[in-house]
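A.B. asks: Quick note, the sequences are listed as chains A and B, same order. Be aware that the first sequence starts at 538, since it is given in our numbering, and climbs by one per residue. Be aware that the second sequence starts at 538, since it is given in our numbering, and climbs by one per residue. Built from N, CA and C at the ideal position, the CB exists for glycine as well. Values in this document were obtained by computation on a predicted structure and should not be read as measured data. Take a look at this one; I'll ask things after.
Number of protein chains: 2
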Amino acid sequence: MARTDYYDDPDAPVPNSIVPAAVGCVTDGEGRILLEHRVDNDLWALPGGTHDFGESIVETVVREVKEETGLDVEVTGLVGLYTDPRHIIAYTDGEVRQQFTLSFRCRVLGGELQKDSESLELRWVARDELDGLRIHPSMRKRIDHFFENRAEPYLG
Amino acid sequence: MARTDYYDDPDAPVPNSIVPAAVGCVTDGEGRILLEHRVDNDLWALPGGTHDFGESIVETVVREVKEETGLDVEVTGLVGLYTDPRHIIAYTDGEVRQQFTLSFRCRVLGGELQKDSESLELRWVARDELDGLRIHPSMRKRIDHFFENRAEPYLG
């Protein structure tokens, strides 16, 4: 299902849902972060997805990273809260979400890198390679916060 | 509307909603925390409520604390995430929520202490007075985490 992200855009549609979601900042041993080239909007993004019944939000990010990247990870910290009401995501089925995303720092425990149908490609990306990839500003902000290695989580 | 909290209870109803909420840990200058004696379940609790369209989650807690206590506060940090799927809240209108609550440390900027219709009483409570109040275990956990003054937010 295609998605369109709006940020601080007067033409954004009015939201009709808020669904908690989680993304994972997964790193290799060399300071690179794992990004996926998404099918739904042709942009590069952190792996992640929406919170389900029966799981905690930490379990959400562990499950989504496994599904989308093949890697088993554990959460080592919270990078930030991203709940800016000016960020709206419209889906083709009529759902219009106001973003509510938590971003977690993750460490790889095992598994084999393997993409699923939601992405065209997975890639380990160094900080100085970010400018060469098409990344939505709201996603780039989360990635930048990860690389900034903040002492306290971002509360946005 | 009356609510019933279930924690790790095999008789809890099956959840049909997840709604982000925020509570505030508001302190005076003497290390006490502000609690309200709730009308809906006759228990003592942190002030707070559910996230609305058009606001960030930090704006939610500032608004809810103002509505329920009369105080103007600012958020100074995140105490923790509380998303344990074993905590279920059933309302009399049929909604059954799986908890999704963020707890924030708050500093008083101004305002006058004044309760609203959701509570019977507001009280500044010292840590050693907590055992004398009826507090749900899931709420007590959040209050204890605040007093523990953790370096990193609790990720539950």
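(1) Below 9 angstroms on C-beta distance, what does I555 of chain B contact in chain A?
(2) Determine the extent of the alpha helix (DSSP H) in which E596 of chain B is found, giving its start and end residues.
(3) Taking its Cβ as the centre, do 16 or more other Cβ atoms sit within 10 Å of E605 of chain B, making it buried, or is it exposed?
(4) Hey, is P674 of chain A's beta-carbon within less than 7 angstroms of any beta-carbon in chain B?
(5) I need the boundaries of the beta strand (DSSP E) containing S675 of chain A, first residue and last residue.
(6) When you check each C-beta in the region 591-621 of chain B against every C-beta of chain A, which residues fall closer than 7 angstroms?
(7) Thinking just about the alpha-carbon of each residue, which of A:L657, A:L659, A:I680, A:E658 is nearest to the one in D668 of chain A?
(8) If you draw a straight line from the C-alpha of A627 of chain B to the C-alpha of T541 of chain B, how long is it?
(9) Pop quiz: R569 of chain A and A663 of chain A are said to be a contact at Cβ under 8 angstroms. What is the actual Cβ separation, rounded to whole angstroms?
(10) At the 7 angstroms Cβ level, is P584 of chain B part of the contact set with chain A, yes or no?
(11) So, is the C-beta of F637 of chain A closer than 7 angstroms to a C-beta in chain B?
(12) Let's test the definition: count the other Cβ atoms within 10 Å of the Cβ of D621 of chain A and tell me whether it reaches 16, buried, or not, exposed.
(13) With distances taken Cα to Cα, identify the nearest neighbour of K652 of chain B among B:P557, B:V602, B:Y543, B:E632.
(14) Which residues, in order along the region 668-692 of chain A, keep a beta-carbon less than 8 angstroms from a beta-carbon of chain B?
(15) Counting only Cβ pairs nearer than 9 angstroms, list the residues of chain A close to P552 of chain B.
(16) For G647 of chain B, which three-state DSSP category applies?
(17) Assign E567 of chain A to one of two classes, buried (16 or more other C-beta atoms within 10 Å of its C-beta) or exposed (fewer than that).
(18) Based on Cα-Cα distance, which residue from A:F637, A:V645, A:H682, A:F590 lies nearest to V612 of chain A?
(19) Roughly how many whole angstroms lie between the Cα atoms of G693 of chain A and Y619 of chain A?
(20) Quick one: Cα of I555 of chain B to Cα of T597 of chain A, how far?
(21) Please classify F641 of chain A: is it buried, with 16 or more other beta-carbons within 10 angstroms of its beta-carbon, or exposed?
(22) In whole angstroms, give me the CA-to-CA distance for E592 of chain B and P557 of chain A.
(23) If I measure Cβ to Cβ from I594 of chain A and keep anything under 8 angstroms in the same chain, skipping five residues before and after, which residues do I get?
C.D. replies: From the atom records:
(1) V556, P557, H588, D589, F590
(2) 594-606
(3) buried
(4) False, the Cβ-Cβ gap to chain B never drops below 7 angstroms.
(5) If you look at S675 of chain A, you'll find it isn't in any beta strand (DSSP E); it sits in the alpha helix (DSSP H) that goes 674-685.
(6) Result list: G591, E592, S593, I594, V595, V612, G614, L615, L618, T620, D621.
(7) It is A:I680.
(8) 5 angstroms
(9) 5 angstroms
(10) Cβ-Cβ to chain A under 7 angstroms: no for P584 of chain B.
(11) yes
(12) buried
(13) B:V602
(14) Along the region 668-692 of chain A, the positions whose C-beta sits under 8 angstroms from a C-beta of chain B are E689, P690, L692, read in chain order.
(15) F590, G591
(16) strand
(17) The residue is exposed, with fewer than 16 neighbouring Cβ atoms inside 10 Å.
(18) A:V645
(19) Straight-line spacing of the CA atoms in G693 of chain A and Y619 of chain A works out to 5 angstroms.
(20) 13 angstroms
(21) buried
(22) 14 angstroms
(23) P557, A559, H588, L639
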